[in-house]
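Reading through the structure tokens given below for one structure.
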Amino acid sequence: MSYNFEELTYSEAKDLFRQWRENNERRSEDVIELWTTVFSDDLSKLGNEKHLVLEQVIYAALDCHAYGVATMCIYILSNEFPGSMRVMRHKAALLEAKEQYDEALEVLDGIIKADETNSAARKRRVAILKAQGLITEAIKELVDYLKKFMSDVEAWQELCSLYLQVTNNLLNHYKSAGNSSKRKEVWKLCQWAQSSAARRQRAARALPPTPDLSQMMLALAITE
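Each step along the sequence shown adds one to the number in my numbering, with nothing skipped, and position 159 is 163.
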């Protein structure tokens, strides 16, 4: 459905923002266009939905790489809620989107230091490390996270995925190098990872089956 945002009243525009939020519709480009057309110059018209809309616009702006819009919205929230952990998460998300990973990690570290139970900040640390290709560091971070949040099924799944990624990378490396002894070591590592993943699945109870390593092991056997 297309909209002519210039013809909407303030009330209709607010209703549209609310409809998209309640229906979990991302519609990032539409959110940015509606914001710039109707509300960017007069936030008072948003009433008590101002902060919800600002957050909605922030993540729509990140989706659209409109970092100036996101920065402005975060600035407004920062002035109204200085020291807010929620606003700090928005800042970290902006820095991450701009691939300023070290700065994003610093913000997240500040959040965690202030609140060690902030699971969202800890999981973002894992995601940033993974985005940087620092898989070993991401695994260590995720293991530490799961010591505190053992019931997080999504995190267990991610840990299993990272273990499998490491073993797959090793397999490809040693297959291309033609190193028979190293392939045997990777085979053993594959078996260990499979066993480790299974134990974690049982601990988390609700996890679906992890993709097994049988294909990797078969590939190793064929190349022997």
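For glycine and all other residues, C-beta sits at the position ideal for the given N, C-alpha and C.
Selection from the options that minimises the alpha carbon distance to residue i
i: Ala65; options: Gly51, Asp34, Tyr149 and Ile139; result: Asp34
i: Asp156; options: His69, Ser165 and Ser123; result: Ser123
i: Gln136; options: Asp119, Ile116 and Ala108; result: Ala108
i: Gly3; options: Ala118, Ser82, Val61 and Lys18; result: One cannot answer for residue 3 here, as it falls past the ends of the chain, which runs 5 to 228.
i: Ser44; options: Val61, Arg31, Asn28 and Arg30; result: Val61
i: Leu12; options: Leu38, Gln23 and Ala97; result: Leu38
i: Arg90; options: Asp67, Glu100 and Ile115; result: Ile115
i: Tyr63; options: Asp46, Glu29, Leu47 and Ile139; result: Glu29
i: Ile132; options: Ala96, Met76 and Leu47; result: Ala96
i: Arg25; options: Asp46, Tyr14, Glu53 and Tyr7; result: Glu53
i: Ser15; options: Leu47, Phe85 and Ile36; result: Leu47
i: His55; options: Tyr79, Ser32 and Thr171; result: Tyr79
i: Ser88; options: Leu166, Asp119 and Gln161; result: Asp119
i: Val130; options: Leu58, Asn83 and Leu166; result: Leu166
i: Arg128; options: Lys117, Thr121 and Leu112; result: Leu112
i: Thr121; options: Leu81, Phe153 and Lys134; result: Phe153
i: Thr171; options: Lys144, Thr140 and Asp148; result: Thr140
i: Glu84; options: Glu100, Leu58, Gln104 and Asp106; result: Leu58
For residue j and residue i, believed in contact at Cβ under 8 angstroms, the rounded distance
i: Phe9; j: Thr41; result: 4 angstroms
i: Tyr71; j: Lys102; result: 6 angstroms
i: Ala159; j: Leu150; result: 6 angstroms
i: Ala142; j: Arg93; result: That pair is no contact at about 19 angstroms.
i: Leu146; j: Leu163; result: 5 angstroms
i: Cys68; j: Ser32; result: 5 angstroms
i: Leu98; j: Ala74; result: 5 angstroms
DSSP three-state assignment for residue i, whether helix, strand or coil
i: Lys49; result: helix
i: Thr140; result: helix
i: Gln169; result: helix
i: Thr40; result: helix
i: Asp148; result: helix
i: Gly87; result: coil
i: Ser32; result: helix
i: Lys18; result: helix
i: Leu12; result: coil
i: Glu158; result: helix
i: Cys164; result: helix
i: Cys77; result: helix
i: Lys134; result: helix
i: Leu58; result: helix
i: Tyr7; result: coil
i: His69; result: coil
i: Asp119; result: coil
i: Gln104; result: coil
i: Leu98; result: helix
i: Pro215; result: The predicted position of Pro215 is uncertain, since its pLDDT is 47 and thus under 50; a value taken from the coordinates is nonetheless stated next. Note: Pro215 maps to coil in three-state DSSP.
Short CB-CB distance (under 8 angstroms) between residue i and chain D
i: Leu12; result: The chain inventory of the structure shown lacks chain D, comprising one protein chain alone.
Heavy atom of the ligand SAM within 7 angstroms of residue i beta-carbon
i: Ala142; result: This structure lacks the ligand SAM, and indeed carries no ligand of any kind.
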